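Residue numbers (UniProt numbering): 1 to 243.
Even for Gly, the Cβ is constructed at its ideal location relative to N, Cα and C.
Being a predicted model, the structure only gives us computed values, none of them experimental.
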């Protein structure tokens, strides 16, 4: 059998990946024995070097462009996460996603580290806003959340602020942002989610959406007074020729 250079390269790649797999398995086993083992663990040094070695081998052939980039990004993320675990003395970063790493940094008040991860991995502004909103809501830092909402016009509008507050059952906080929703349909649905029938009906009426009024009425089926409000507004739209 003729051993070609390409076959030799594939054999080298497979051997390195096998080494990576075994090291990851060993690391996982060590972490399973000792949950604090990831903090400054000496295993991360050789682990990162093996992943970087895999990246270098992948980059030698066009057939493994995706794998080369993935290995490079993985090694970079792992290195940053390892540094964060050492600096914070908390074994909570390694092997988490880019998004989770950013959220954890923000939750810990380490905004500089969060921005570093955002910059290193070219996280979009929309994704960044969602992650920061979720992190601030998780730690119930309402003052910081409101300040963040006023820094500049959010690239996704105020919907992330509204949904995150409602999801943790913080009606008062959600009410700070619902009026800022540009789409009256979104405002109507948000008001309905927190049980404010009249406000939901008014917003749906502004949207001149009879179908939305009908759907919202169903969500307040147990509230006779609310149902009456939706019926009245829907009839009014019908007279105006809006269905």
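Close-in-space but distant-in-sequence residues of the same chain around residue i (CB under 7 Å, 5 per side omitted)
i, result
"residue 252", "Missing from the structure shown is residue 252; the chain here goes from 1 to 243 and no further."
"residue 164", "133, 134 and 137"
"residue 72", "55"
"residue 188", "200, 203, 204, 207, 212 and 216"
"residue 83", "none"
"residue 93", "81, 84, 85, 101 and 104"
"residue 182", "157"
"residue 114", "102, 105 and 106"
Anticipated Cβ contact below 8 Å, residue i with residue j, distance rounded
i, j, result
"residue 185", "residue 167", "Between residue 167 and residue 185 the Cβ distance is about 19 Å, and since that is not below 8 Å, they are no contact."
"residue 148", "residue 180", "Residue 148 to residue 180, Cβ: 13 Å. No contact."
"residue 48", "residue 75", "5 Å"
Within 8 Å, strictly: CB atoms of residue i and residue j
i, j, result
"residue 106", "residue 132", "yes"
"residue 162", "residue 178", "yes"
"residue 190", "residue 172", "no"
"residue 160", "residue 125", "no"
"residue 58", "residue 52", "no"
Cβ neighbours of residue i in the same chain (closer than 6 Å, five flanking residues each side left out)
i, result
"residue 219", "192"
"residue 78", "48"
Cut-off 8 Å between Cβ atoms - residues of its own chain near residue i, not counting five sequence neighbours on either side
i, result
"residue 127", "99"
"residue 96", "81 and 104"
Next item on the list: Starting from the N-terminal side, write out each stretch of the alpha helix (DSSP H) that is 4 residues or longer and does not extend beyond the stretch 150-231.
Entry: Counting only runs of 4 or more, we get 159-167, 171-174, 184-193, 197-206 and 210-219.
Item checked: Ranges of the alpha helix (DSSP H) found wholly within the stretch 74-117, counting only runs of at least 4 -> As far as the stretch 74-117 is concerned, its whole alpha helix (DSSP H) runs of at least 4 residues are 98-107.
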